[in-house]
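Letter by letter, the sequence shown follows residues 11 to 181 in the working numbering. Ideal Cβ placement from N, Cα and C applies to all residues, glycine included. The block underneath contains the structure these notes are about, expressed in structure tokens.
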Amino acid sequence: MAFTLPALPYTTNALEPYMSAKTFGLHYGKHHRGYVDKLNELVAGTAFETMSLEDVVRYSHTTPDTEAIFNNAAQHWNHGKFWHSMKPNGGGAIPGGLERQLIAEFGSVAAFKSEFVTQGVSLFGSGWVWLVETAGRLKILRTSNAVTPILAGHKPLLVCDVWEHAYYVDY
Ligand code: FE
């Protein structure tokens, strides 16, 4: 079964003025779609073709000579998480359990937000900044290029795309 571009959970102009419909046209319509199309092309006729996306990400990372499959599969997975990390009229209340964990780990929700932004803006080159749950604790992690925390068994809760293609049209 071929991998498919997931539907966005909102319309392409729903996050304006922060992220424009033009950015969604490029970022979702061109880049994310490009990763999916290239992935399907690369896995055709290989053992990866019938795996779940998560398994393609994991096994292509440890298999020799499958770097291009890993990059396209992981970018497909990462973007799928990213679109769901945003919503129209976002912000607002955080579920109580998560809020308590954020306060326990970072001191306050404001301190978490500040640290998340600091980690994102100081990332060198292309990559991602994540809030993950691992061994019952919350952590902020950065990954470079297509690397994704699921490789290390972390559970991603929130992600921000820090590739230039995420913001260069609007900012
Ligand atoms: Fe991106």
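CA nearest to the CA of residue i, picked from the options
i: Tyr20; options: Lys32, Thr73, Trp93, Ala54; result: Trp93
i: Met61; options: Gly163, Tyr38, Ala83, Asp180; result: Ala83
i: Gly146; options: Gly107, Ala31, Lys32, Val127; result: Gly107
i: Glu125; options: Ala176, Gly100, Tyr45, Cys170; result: Cys170
i: Leu168; options: Lys123, Tyr28, Val131; result: Lys123
Beta strand (DSSP E) segment containing residue i, residue limits
i: Leu108; result: Taken as a continuous stretch (DSSP letters only), Leu108 belongs to no beta strand (DSSP E), being part of the alpha helix (DSSP H) at 106-116.
i: Leu18; result: Leu18 -> no beta strand (DSSP E), and no H or E assigned at all.
i: Trp173; result: No beta strand (DSSP E) contains Trp173, which DSSP labels as neither H nor E.
Contacting residues, own chain, Cβ-Cβ under 8 Å from residue i (five flanking each side not counted)
i: Pro16; result: Gly90, Trp93
Contacts around residue i, its chain only, beta-carbon distance under 7 Å, and the 5 residues preceding and following it disregarded
i: Glu59; result: Val53
i: Leu133; result: Val139, Arg152, Val172
Residue range of the alpha helix (DSSP H) that includes residue i
i: Val119; result: 119-131
i: Ile79; result: 77-93
i: Ser70; result: 63-72
Cβ shell of residue i (< 6 Å), same chain only, five flanking positions each side left out
i: Phe80; result: Ser70, His71
i: Trp173; result: Ser136
i: Ala24; result: Pro98
i: Thr144; result: His164
i: Pro188; result: Since the first and last residues shown for the chain are 11 and 181, residue 188 lies out of range.
i: Thr22; result: Ala31, Phe34
8 Å Cβ cutoff, residue i in contact with chain E
i: His71; result: This model lacks chain E altogether; it includes just one protein chain.
Evaluate contact between the region 152-159 and the region 123-142, counting only Cβ atoms and requiring at least three cross-stretch pairs below 8 Å.
-> yes
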